[in-house]
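A.B. asks: Residue numbers (the working numbering): 4 to 332. Glycine is no exception: its CB is placed at the ideal position from the N, C-alpha and C atoms. None of these values were measured; they are calculated from a predicted model. One structure, as structure tokens, below. Some questions next.
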């Protein structure tokens with residue numbers, strides 16, 4: 004049994020620590036509540052931003068459709084005007100030729116009449132008739148010239164409208180390309196975070212490059228178990244991207260297969276066949292992981308596009324690669 008003095012010591016010791024423990028627990032609870040508030044506010048702001056972006060994309064699509072329709076109508080009208088102008092020019096030229104012939108005949112008759120002292124009544128009637136015909140021809144030519152000028156003016160206006168609509172359509176398409184560039188930049192940022200400084204993976208321009216030695220056994224198009232696991236987080240990122248990009252933006256992930264120039268000595272007849280088979284293996288693995296097949300494209304280039312010069316072991320290893328690129332379809 005403890006002495007009274009020792010019991011009092013324990014009681015005093017317990018009384019000193021308990022308030023401190025309560026204060027620490029209360030502080031921790033306040034921190035957790037603060038963090039939860041920040042998280043909820045961030046989620047709300049992100050939801051509003053995504054809704055605004057979807058509305059903007061819908062407006063852009065409607066504007067693109069309207070501009071395309073207006074451009075087609077303007078082109079049709081311009082083509083019709085060109086046909087009309089051609090017909091008017093041909094008719095005017097024919098009338099001018101007829102006027103030239105009539106003028107020649109009048110001049111000839113006038114010369115004959117001037118040489119004669121007396122003009123027969125028949126010649127006078129012929130001259131009067133020719134003068135009337137010439138006036139009719141002049142009136143018709145004047146009318147045709149006016150119609151031709153009006154048609155040319157309309158053609159110029161239609162051409163200007165076509166140019167304006169083309170510029171507006173190009174601007175809208177450029178805006179759509181800029182939207183895709185934003186998603187491409189976001190996708191590349193995620194892949195950089197996922198891959199980090201992993202050996203055998205690097206960025207070349209707008210592509211992610213995987214050395215095939217990391218993904219495939221030598222001379223084979225079957226993914227190794229390590230290669231499958233290396234590609235799994237990439238597939239997850241593509242699936243997430245598929246959920247975020249609007250359906251009306253045409254995009255694909257292109258998987259390109261490349262080999263070194265060393266002649267192949269396996270069941271594949273050429274390096275070109277091997278590069279294509281490896282790209283298809285990556286596509287099929289992504290499909291197995293849930294990536295939509297319509298967002299995947301496989302291509303084989305063989306040894307035709309090296310990124311390292313020479314035929315050293317190091318250069319060959321760099322040229323044996325799989326490249327991933329987000330691009331428009």
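Leaving out five residues before and five after residue 149 in sequence, what residues of the same chain have Cβ atoms less than 6 Å from its Cβ?
C.D. replies: Counting from 1 along the chain shown, the entry for residue 149 is found at position 146. Nothing listed; no residue qualifies.
A.B. asks: Cα-Cα, which of 61, 93, 94, 158 is closest to residue 1?
C.D. replies: Given a span of 4 to 332 for the chain in the structure shown, any question on residue 1 remains unanswerable.
A.B. asks: Can you find the residues in the same chain that come closer than 7 Å, C-beta to C-beta, to residue 319, ignoring five residues on each side of it along the sequence?
C.D. replies: Within the chain shown, numbered from 1, the residue matching residue 319 stands at position 316. Counting only Cβ-Cβ distances below 7 Å, and skipping sequence neighbours, we find 263, 265.
A.B. asks: Three Cβ pairs or more, each shorter than 8 Å: is that satisfied between the region 151 to 165 and the region 75 to 90?
C.D. replies: Contact holds: three or more Cβ-Cβ distances are below 8 Å.
A.B. asks: How would you call residue 270, buried or exposed, if buried means at least 16 neighbouring beta carbons within 10 angstroms?
C.D. replies: As a first step, residue 270 must be located in the chain shown, where it is residue number 267. With fewer than 16 other Cβ atoms within 10 Å, it is exposed.
A.B. asks: Return the chain-ordered list of same chain residues with a C-beta closer than 7 Å to the C-beta of residue 87, the five sequence neighbours on each side being excluded.
C.D. replies: As a working mapping, residue 87 is identified with position 84 in the chain shown. These residues qualify, in order along the chain: 154.
A.B. asks: Report yes if the C-beta distance between residue 278 and residue 304 is below 8 Å; otherwise report no.
C.D. replies: For this step, residue 278 is matched to residue 275 along the chain shown. For this step, residue 304 is matched to residue 301 along the chain shown. It is a contact, given that the beta carbons lie within the stated cut-off.
A.B. asks: So, residue 312 versus residue 299, is the Cβ gap smaller than 8 Å?
C.D. replies: For the purposes of this step, residue 312 is identified with residue 309 of the chain shown, where counting begins at 1. For the purposes of this step, residue 299 is identified with residue 296 of the chain shown, where counting begins at 1. No, these two residues do not count as a Cβ contact at 8 Å.
A.B. asks: First and last residue of the beta strand (DSSP E) that includes residue 3?
C.D. replies: Past the edges of the chain, shown from 4 to 332, lies residue 3, and the structure says nothing about it.
A.B. asks: Within the chosen definition, does the region 130 to 139 reach the region 83 to 97 through at least 3 CB pairs nearer than 8 Å?
C.D. replies: Touching, no, given that fewer than three Cβ pairs across the two stretches are closer than 8 Å.
A.B. asks: Tell me which residues share the same chain as residue 317 and place their Cβ nearer than 8 Å to its Cβ, disregarding the 5 neighbours each side in the sequence.
C.D. replies: For the purposes of this step, residue 317 is identified with residue 314 of the chain shown, where counting begins at 1. Excluding sequence neighbours, residue 317 sits near 311.
A.B. asks: Short of 8 Å in beta carbon distance, which residues of its chain neighbour residue 42, apart from the five on each side in sequence? Order them along the chain.
C.D. replies: Translated into positions along the chain shown, residue 42 becomes position 39. Contacts found: none.
A.B. asks: In angstroms with no decimal places, state the Cα-to-Cα distance between residue 156 and residue 108.
C.D. replies: The residue labelled residue 156 in the question sits at position 153 within the chain shown. The residue labelled residue 108 in the question sits at position 105 within the chain shown. One C-alpha to the other measures close to 36 Å.
A.B. asks: Would you please state the rounded distance, in angstroms, between the beta carbons of residue 325 and residue 260? I believe it to be under 8 Å.
C.D. replies: For the purposes of this step, residue 325 is taken as the residue at position 322 of the chain shown. For the purposes of this step, residue 260 is taken as the residue at position 257 of the chain shown. 6 Å between Cβ atoms; contact.
A.B. asks: So, helix, strand or coil for residue 256, using DSSP?
C.D. replies: What you label residue 256 is simply residue 253 of the chain shown in a count that begins at 1. Strand at residue 256.
A.B. asks: State the DSSP-derived secondary structure class of residue 276, mapped to helix, strand or coil.
C.D. replies: To locate residue 276, count along the chain shown from 1; it is residue 273. Here residue 276 sits in helix by DSSP.
A.B. asks: Looking at residue 140 and residue 95, is the spacing between their C-beta atoms short of 8 Å?
C.D. replies: Here residue 95 corresponds to residue number 92 of the chain shown, with the count starting at 1. Here residue 140 corresponds to residue number 137 of the chain shown, with the count starting at 1. No; because the gap between Cβ atoms is not below 8 Å, this pair is not in contact.
A.B. asks: The alpha helix (DSSP H) with residue 232 in it runs from where to where?
C.D. replies: Here residue 232 corresponds to residue number 229 of the chain shown, with the count starting at 1. Start and end: 228 to 247.
A.B. asks: Is the separation between the beta-carbon of residue 328 and that of residue 239 shorter than 8 Å?
C.D. replies: Position 325 of the chain shown holds residue 328. Position 236 of the chain shown holds residue 239. Taking 8 Å as the Cβ cut-off, residue 328 and residue 239 do not qualify as a contacting pair.
A.B. asks: Would you kindly work out how many angstroms separate the C-alpha atoms of residue 216 and residue 323, rounded to a whole number?
C.D. replies: Within the chain shown, residue 216 is the residue found at index 213, counting from 1. Within the chain shown, residue 323 is the residue found at index 320, counting from 1. So the two alpha carbons sit approximately 7 Å from each other.
A.B. asks: Look at the alpha carbon of residue 15 and the alpha carbon of residue 35, and state the distance between them as a whole number of angstroms.
C.D. replies: The residue given as residue 15 occupies position 12 in the chain shown. The residue given as residue 35 occupies position 32 in the chain shown. Residue confidence for residue 15 is low, a pLDDT of 49 falling below 50, so the modelled location carries little weight; the figure read from the coordinates is stated next. Taking the straight line from one Cα to the other gives about 32 Å.
A.B. asks: Buried or exposed for residue 9, please, with buried defined as at least 16 other CB atoms from any protein chain shown within 10 angstroms of its CB.
C.D. replies: For the purposes of this step, residue 9 is taken as the residue at position 6 of the chain shown. Residue placement at residue 9 cannot be trusted, given a pLDDT of 48 that sits under 50; the coordinates are not used to answer.
A.B. asks: With a threshold of 7 Å on Cβ separation, who are the neighbours of residue 161 within its own chain once the five nearest residues in sequence on each side are excluded?
C.D. replies: Start at 1 with the first residue of the chain shown, and residue 161 comes out as number 158. Excluding sequence neighbours, residue 161 sits near 77, 80, 81, 84.
A.B. asks: Measure how close the beta-carbons of residue 112 and residue 129 come, nearest whole angstrom, since I'm counting them as under 8 Å.
C.D. replies: The count along the chain shown starts at 1 and reaches residue 112 at position 109. The count along the chain shown starts at 1 and reaches residue 129 at position 126. Correct: roughly 7 Å between the Cβ atoms.
A.B. asks: Around the Cβ of residue 281, are there at least 16 other Cβ atoms within 10 angstroms (buried) or fewer (exposed)?
C.D. replies: As a first step, residue 281 must be located in the chain shown, where it is residue number 278. Residue 281 is buried by the Cβ-count criterion.
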